[in-house]
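**Q** Numbers 1415 to 1457, taken from the numbering used here, label the letters of the sequence shown in order.
Where a beta carbon is used, it is the ideal one built from N, C-alpha and C, also for glycine.
Since this is a predicted model, take the numbers as computed values, not measurements.
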Amino acid sequence: MKGISYRGNHISFGKYALQALEPAWITSRQIEAGRRAMTRNAV
1415 MKGISYRGNH
1425 ISFGKYALQA
1435 LEPAWITSRQ
1445 IEAGRRAMTR
1455 NAV
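#1: Just checking my contact of R1420 with A1456 at CB under 8 Å: how many whole Å lie between their CB atoms?
#2: Taking 8 Å as the threshold (C-beta atoms), are G1422 and L1432 in contact?
#3: Please report the straight-line C-alpha distance between A1435 and Q1444, rounded to a whole angstrom.
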């Protein structure tokens, strides 16, 4: 993977989203931890 994405970067559901700033493999646990942190602080 290389380059900057100019397409496919809109939010389909909800108000908040995670966006990767650099390429990396992450686990489902890491994604879930990020989602929980966002919902906890979004109020």
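**A** Taking the structure as given:
#1: Position 6 of the sequence shown, counting from 1, holds the residue named residue 1420. Position 42 of the sequence shown, counting from 1, holds the residue named residue 1456. Sequence check: residue 1420 is Tyr here, not Arg. Between A1456 and Y1420 the Cβ distance is about 27 Å, and since that is not below 8 Å, they are no contact.
#2: Taking the sequence shown and counting its residues from 1, one reaches residue 1432 at position 18. Taking the sequence shown and counting its residues from 1, one reaches residue 1422 at position 8. Against a cut-off of 8 Å, the Cβ pair of G1422 and L1432 comes out as no contact.
#3: Here residue 1435 is taken as the residue at index 21 of the sequence shown, counted from 1. Here residue 1444 is taken as the residue at index 30 of the sequence shown, counted from 1. Checking the displayed sequence, the identity of residue 1435 turns out to be Leu instead of Ala. Looking at the two C-alpha atoms, the distance is approximately 15 Å.
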